[in-house]
Structure formats: C-alpha cells, structure tokens
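In terms of my numbering, the sequence shown opens at residue 817 and continues consecutively. Where is the CB? At the ideal position from N, CA and C, for every residue including glycine. In what follows, a single structure is set out as structure tokens and then discussed.
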Amino acid sequence: MKRFTAGTNEEGVRLSRFVQNVTTGLPNSLLYKSFRNKRIKVNGKKADADYRIHAGDVLELYINDEFFATQVPAPKPTARKQPAVTVVYEDENLAVLYKPTHLLCHSDRTGDANLVDAFTAYLAAKGEFDPAAEHTFSPSICNRLDRGTEGLVVAAKNYAALRDMNEIIRSDLVRKEYLTITFGKPPAGRHTAWLKHSEANNKVQVRKDPDPGYKEIITEVTPEKVIGPFTLCRIGLVTGRTHQIRAHLAFLGAPVLGDIKYGNRKWNDKAGLKTQALCAVQLTFGQLHETSSLAYLSGKQITLEQPQILKTFEGLAEKKPR
C-alpha cells in the first residue's frame, strides 16, 4: 500500500488520473478493478474514479508494489546547457516567457535545450517548485511556438493555472499577435482559407474553398512598413492551426522571409536569414469567466517590447535591390 497526501497542485485532479500518474504500467482493467474492490480510498473511505481531489486529502492505494517506481529515473542529459529564462510577465500562477529562435518549447529525442526544462530550473532556483514534493504536476508550457519562431510563450506554475489557461486558449479568449517579414506585400484584411496538415512530412496545404479533411483558417494581415521587396506585417490569429501564418501568407503570394518550408529560397539567401522572420509579440486577454483562477487577467495585454525582428527588418534596407 502507498499513501499520499494531496498538495495544492492536486486540487481538482480526477482521482483516476492521479493514480495513473503515480503508477507505472498499471493496466486500465486493473485500475478500475481496484476502484470496484475498494482498494483505492480517500480519507479512509471508498472513492470513485471520477472523484476530484482536494488539497490535504489522504490517498491510500492498495495496489501491488510492482506498479510503483522504486526510484526516480535520472533526467536525460541534454546536448546543451539550459539557457537563462527571460521573463516578460510573472505572477503567482504563471509567467510569460520570451522564447528565442532555435530553442525548443518541449524536449524531444535530440536532447537539445528546451524552454520547459529551463523554466522548471528557474522555478526550482527560486524555491517555487520542488519536484520531490510533487506527485503529478510539473511546470508546463500552455502554447507552443515552432523551433524557428521567437516570441511570447505562456508557462503555468501550478495545475489550476495550467487547466484554466488551456481552457482560455481553447475558448479563443486570448488574442495572439505576431510580427513577420514577408517577401512581397500581402493584401491587407481578414483572410479565410482552408488548411490540411500532413503528418508524414509535417507540412500543410492551403486551399481557397472547403474540402474534405481541410480545416478553416482565419488570419488578419496588416502591412505596416515596406523596404524594397520586404514588408513588415502585423498578424492577428483568429484560428491557430499548424503553420497557419507561414502557409497562409505563402498562399497569399507573400511568403515569410527565411521560411524554408513555404518561402522563397532565392530571397531567403539574399537576405541571409536561416530561419523564418516570425515573432509572437502580443497577448490580449478577453473577458474571462469569474470562476477561473486566472480571471484577474481579463483585459490584460502583454507585449514584447523592442523585439529583435524590428532590427532584422531595418537591416534589410542594405539588401534591397538598387
């Protein structure tokens, strides 16, 4: 039998999920059999799989020891040292971080440095996160940026913030704005098209009209400044599909400069850019539900001041045709 005392990050977690998180290799059939046979208890009493845990609950799991890890595996070594974290905004529940180009949001099989691990180390150094004291939660990223895209990323410090921020994003209650540099000048306005993602080559196709398997995309485009063949544009995402900005702008005839998937290779080389000129620069929260742990963010706007992409754009003046 294993006994756990729920902490604040277990508040609201479904009991079945908690059991799955603290066990290894436990079949679902045995999990639910344990519930039926009263082998999983909360505060000394039988509990259902759907029970929502409260901080301070004592959880008793009468499950064979073989399903509990005897030791915590050592972290997988990374190929590079974790970078310092740049915090744009922070409160007791979350932080908005700046992700530079080439940095992964999450770990992958390369073992390269990533923002999640860097943020976890940042909180641990501040004394705000102790992995040894947590049963199910670890600091998490709520929105993802491609490796080659820089800009603002929301990171949750606790389970309630992660749950509520994910719901805010799903409900389209946060507007995301980007700056990008395009080759050519895209038409201004609110553009609708249809997009299909291929897992095989991690690339998307865009069409003007609906088609089976394609999802609607809506992108707002505001050209702000032109230098020769290059345009600095502000992009508002109404939908947020895979590669939406890059693929939609290419479809509109003005690909993102530096983009190797959808861009113009000749002008990428002339500009000397090795990755797409795309930066998430602003988050604006709508009216959030009063029961949300993040309701205080209603109407808040978080902006990345003086992003590197502006310097990149001004530098293109030297590369425009004479």
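Looking at residue j and residue i, is the spacing between their C-beta atoms short of 7 Å?
i       : j       : result
Val874  : Thr821  : yes
Asp1075 : Arg1057 : no
Leu831  : Tyr867  : yes
Phe935  : Val901  : yes
Leu1065 : Thr998  : yes
Phe851  : Ala865  : yes
Val969  : Lys1031 : no
Thr996  : Ile1051 : yes
Gln898  : Asp928  : no
Glu826  : Ile856  : no
Arg960  : Thr1100 : no
Lys862  : Lys854  : yes
Ala1004 : Val1037 : yes
Ile1034 : Thr1055 : yes
Ala1087 : Leu1068 : no
Residue i: which of the options sits nearest, CA to CA?
i       : options                               : result
Gly943  : Ile879, His918 and Lys973             : Lys973
Glu993  : Ile1118, Asp946 and Lys1086           : Ile1118
Cys958  : Tyr938, Ala940, Asp980 and Glu950     : Asp980
Ala937  : Thr839, Pro955 and Cys921             : Pro955
Ala871  : Ala1016, Gln1103, Tyr975 and Lys1086  : Tyr975
Ile1125 : Ser1108, Trp1083 and Thr1091          : Thr1091
Asn1084 : Asp1027, Ser1108, Phe1067 and Gly1000 : Gly1000
Val903  : Ala949, Pro1003 and Leu931            : Leu931
Arg819  : Asn859, Lys1082 and Thr1035           : Asn859
Pro1123 : Thr1107, Thr917 and Ala949            : Thr917
Gln1060 : Leu1089, Arg1081, Trp1010 and Thr1107 : Trp1010
Gly828  : Pro947, Ser923, Leu1113 and Ser1108   : Ser1108
Met817  : Leu842, Asn880, Phe834 and Leu939     : Asn880
Leu1110 : Asp907, Phe834, Arg833 and Ser923     : Asp907
Leu1053 : Arg1006, Thr839, Tyr1078 and Tyr905   : Arg1006
Could you round the C-beta distance between residue i and residue j to whole angstroms and report it? I think they count as a contact, below 8 Å.
i       : j       : result
Ala971  : Leu913  : 6 Å
Leu989  : Gly1102 : 4 Å
Pro1039 : Pro1002 : 7 Å
His951  : Asn844  : Wrong, their Cβ atoms sit about 20 Å apart, outside the cutoff.
Ser1014 : Val1020 : 7 Å
Ile984  : Leu1120 : Incorrect: roughly 19 Å between the Cβ atoms, too far for contact.
Val835  : Leu847  : 6 Å
Identify the continuous beta strand (DSSP E) that holds residue i and give its terminal residues.
i       : result
Gly1005 : Gly1005 to Ser1014
Ile1118 : Gln1117 to Thr1119
Ala1139 : No statement about residue 1139 is possible, as the shown extent of the chain runs from 817 to 1138 and does not include it.
Leu910  : Leu910 to Lys915
Ala971  : Glu966 to Ala972
Gln1098 : Leu1094 to Phe1101
Glu1036 : Lys1031 to Ile1043
So residue i is in the alpha helix (DSSP H); what residue range does that whole segment cover?
i       : result
Phe851  : Asn844 to Arg852
Phe1067 : Gln1060 to Phe1067
Val932  : Leu931 to Lys942
Leu995  : From DSSP, Leu995 is part of no alpha helix (DSSP H) but of the beta strand (DSSP E) over Val990 to Phe999.
Thr1091 : Neither: Thr1091 is in no alpha helix (DSSP H) and is coded neither H nor E.
Chain C beta carbons: is any one of them nearer than 7 Å to that of residue i?
i      : result
Glu966 : Absent from the structure is chain C; it holds one protein chain and no more.
- Query: Are the region 1089–1105 and the region 958–972 touching by the rule of at least three beta carbon pairs closer than 8 Å?
  - Reply: In this structure the region 1089–1105 lies against the region 958–972, because at least three pairs of beta carbons, one per stretch, are closer than 8 Å.
- Do three or more CB pairs link the region 1037–1054 to the region 1118–1135 at distances below 8 Å? Yes, the region 1037–1054 is in contact with the region 1118–1135.
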